[in-house]
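Trainee: Be aware that the sequence shown starts at 1, since it is given in the UniProt record's numbering, and climbs by one per residue. My questions will all concern the structure given below.
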Amino acid sequence: MERFGTVGSCNGTFCLKTKNGLTLWNPSIRRKVRVLECPRSSELASGGIGFGFDPISDDYKIVWISYEKDTSFVYAVKTGTWCEIASPKPEFTYVRREAFLFKGVLHWEVNRFDLDFSCILTFDLSTHVFGMIPFPGSALDRLTTRLTTIQDSLALISYRMDVDDTWIRVWRDASWSVVFKLGTGKLPVDGAFQFQPQPQTTNECNLLLITYGDGFQIYNSKTGVQSGVLGFNASASLIDFRECVETIHLLDMGEAACETTQL
């Protein structure tokens, strides 16, 4: 079996990086599509890759951004072709996370080590335009753990090494605002998902927190209390996690693939 890693997922479809290139796979309908080799496929490891669904063109797209070349590429599934685009400016030296998709826009955390510069690089899948969201404060003042969605807004989870707290900020009206300050001790929160408890109550935003030290925790915003989730403590050795979003968009092309099919 080929080794593969997940480049990204959206709308029930995954983009997998295998030793033979990229493959799109939708486990719901058990179909896969081989992606045409990128013009500079040998350089894929030295850039950032994002995957998402463009609601305007009703198409899946893969984006490869280069921080060593002047050009990057976008792949459209409907046409099965890569198109060349200008690489983002200013130049950066490292992509810290895989792209986070939010409302048709991909988001990467990027760094420029020699200038102590970091930001969130954005790419609109419909317009093919890059953008930039600045981080709150200096890059030396905080460490980012993950991007997520809170209160229907892009959210940033960060902490400081010298302070035993984790902050969750949301990006609204071109500025960051703190919505949660969590006392988490020396070990920070690695991820957070908002969910609505049952029965529903008003003025309450509950979060599922993934922490390094205590495993899964439920945070009640009304009471400020965190409680553990049985069977998912720190000893559960959590490797990774993903949010599953139900959607009507499916990968309805390509060849059939069942559980035993080699990707």
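Idealized CB from N, CA, C, for every residue including glycine.
#1: What would DSSP say about SER42, mapped onto helix, strand or coil?
#2: Roughly how many angstroms separate the alpha carbons of ARG146 and ILE157, rounded to a whole number?
#3: Give a yes or no on whether the C-beta atoms belonging to VAL63 and LEU106 are separated by under 8 Å.
#4: According to DSSP, simplified to helix, strand and coil, what is SER221?
#5: Could you tell me which residues DSSP puts in a beta bridge with THR81?
#6: Here's the rule: buried if 16 or more other CB atoms are within 10 angstroms of the residue's CB, otherwise exposed. What is PHE92?
#7: What's the gap between the Cα of THR166 and the Cα of PHE14?
#8: Within the chosen definition, does the region 147-156 reach the region 75-93 through at least 3 CB pairs nearer than 8 Å?
#9: Check this for me: beta carbons of ALA99 and GLY48, under 8 Å apart or not?
#10: Which runs of the beta strand (DSSP E) fall wholly inside the region 86-174 and span at least 3 residues, in chain order?
#11: Am I right that SER227 and ASN206 are in contact with their C-beta atoms under 8 Å? What's the rounded C-beta distance?
#12: Report the three-state DSSP secondary structure of LEU36 (helix, strand or coil).
#13: Nearest by alpha-carbon distance to GLY191: which of ASN111, TYR219 and TRP176 is it?
#14: Count the other CB atoms, across all protein chains shown, that sit within 10 Å of the CB of PHE195; report buried if there are 16 or more and exposed otherwise.
#15: Are the beta-carbon atoms of TRP108 and VAL95 separated by less than 8 Å?
#16: State the DSSP-derived secondary structure class of ASP54, mapped to helix, strand or coil.
#17: Since LYS61 and LEU121 are thought to touch, with beta carbons under 8 Å apart, how far apart are those beta carbons, to the nearest angstrom?
#18: Do GLY104 and ASP54 have their CB atoms nearer than 8 Å?
#19: Determine the extent of the beta strand (DSSP E) in which TYR67 is found, giving its start and end residues.
#20: Looking only at its own chain, which residues have a Cβ that is under 6 Å from the Cβ of LEU209, when we skip the five neighbours before and after it?
#21: Taking the alpha carbon of VAL35 as the point to measure from, which residue in ASP59, LYS69 and GLY80 has its own alpha carbon closest?
#22: Give the DSSP bridge partners of SER28, in chain order.
#23: Three-state secondary structure (DSSP) at PHE229?
#24: Assign LEU154 to one of two classes, buried (16 or more other C-beta atoms within 10 Å of its C-beta) or exposed (fewer than that).
#25: Answer with buried or exposed for ILE29, where buried requires no fewer than 16 other C-beta atoms within 10 angstroms of its C-beta.
#26: What residues match up with VAL189 in a beta bridge as DSSP calls it?
Mentor: Judging by the given coordinates:
#1: As a working mapping, residue 42 is identified with position 42 in the sequence shown. Reduced to three states, the DSSP call for SER42 is helix.
#2: For the purposes of this step, residue 146 is taken as the residue at position 146 of the sequence shown. For the purposes of this step, residue 157 is taken as the residue at position 157 of the sequence shown. Taking the straight line joining both Cα atoms gives about 5 Å.
#3: Within the sequence shown, the letter at position 63 stands for residue 63. Within the sequence shown, the letter at position 106 stands for residue 106. Note that the C-beta distance between VAL63 and LEU106 is below 8 Å.
#4: Position 221 of the sequence shown, counted from the first residue, corresponds to residue 221. Of the three classes helix, strand and coil, the one that applies to SER221 here is coil, per DSSP.
#5: Locating residue 81 in the sequence shown gives position 81, where the first residue counts as 1. ALA76.
#6: Here residue 92 corresponds to residue number 92 of the sequence shown, with the count starting at 1. When all chains shown are included, PHE92 counts as buried.
#7: Here residue 166 corresponds to residue number 166 of the sequence shown, with the count starting at 1. Here residue 14 corresponds to residue number 14 of the sequence shown, with the count starting at 1. About 30 Å.
#8: The region 147-156 makes no contact with the region 75-93, as fewer than three CB pairs between them are under 8 Å.
#9: Position 99 of the sequence shown, counted from the first residue, corresponds to residue 99. Position 48 of the sequence shown, counted from the first residue, corresponds to residue 48. Contact flag set, yes.
#10: The region 86-174 contains these whole beta strand (DSSP E) runs: 100-102, 105-112, 117-124, 130-134, 143-150, 153-160 and 163-172.
#11: In the sequence shown, counting from the first residue as 1, residue 227 sits at position 227. In the sequence shown, counting from the first residue as 1, residue 206 sits at position 206. Separation of the CB atoms of SER227 and ASN206 is rounded to 11 Å, and the pair is thereby denied contact status at 8 Å.
#12: In the sequence shown, counting from the first residue as 1, residue 36 sits at position 36. Taken through DSSP and simplified to helix, strand or coil, LEU36 comes out as coil.
#13: Taking the first residue of the sequence shown as position 1, residue 191 is located at position 191. The candidate whose alpha carbon is nearest that of GLY191 is TYR219.
#14: Working through the sequence shown from its first residue, we reach residue 195 at position 195. With fewer than 16 Cβ atoms within 10 Å of its Cβ, PHE195 is classed as exposed.
#15: The residue given as residue 108 occupies position 108 in the sequence shown. The residue given as residue 95 occupies position 95 in the sequence shown. Yes.
#16: The residue labelled residue 54 in the question sits at position 54 within the sequence shown. If DSSP states are grouped into helix, strand and coil, ASP54 belongs with the strands.
#17: Looking up residue 61 in the sequence shown gives position 61. Looking up residue 121 in the sequence shown gives position 121. 16 Å between Cβ atoms; not a contact.
#18: Position 104 of the sequence shown, counted from the first residue, corresponds to residue 104. Position 54 of the sequence shown, counted from the first residue, corresponds to residue 54. In contact: GLY104 and ASP54 (Cβ atoms closer than 8 Å).
#19: Translated into the one-based positions of the sequence shown, residue 67 becomes position 67. TYR67 -> no beta strand (DSSP E), and no H or E assigned at all.
#20: To locate residue 209, count along the sequence shown from 1; it is residue 209. When the five nearest sequence neighbours on each side are left out, the beta carbons in the same chain lying within less than 6 Å of the beta carbon of LEU209 are those of VAL189, ALA192, GLN217 and TYR219, in order along the chain.
#21: Indexing the sequence shown from 1 puts residue 35 at position 35. Of ASP59, LYS69 and GLY80, the smallest CA-CA separation from VAL35 is found for GLY80.
#22: In the sequence shown, the residue the question calls residue 28 occupies position 28. DSSP lists no beta-bridge partner residue for SER28.
#23: One-based indexing of the sequence shown puts residue 229 at position 229. Sequence inspection shows Val at residue 229; the Phe mentioned does not correspond to that position. Coil at VAL229, not helix or strand.
#24: One-based indexing of the sequence shown puts residue 154 at position 154. Buried.
#25: What you label residue 29 is simply residue 29 of the sequence shown in a count that begins at 1. With fewer than 16 other beta carbons inside 10 angstroms of its own, ILE29 counts as exposed.
#26: For the purposes of this step, residue 189 is identified with residue 189 of the sequence shown, where counting begins at 1. The beta-bridge partner set that DSSP reports for VAL189 consists of THR211.
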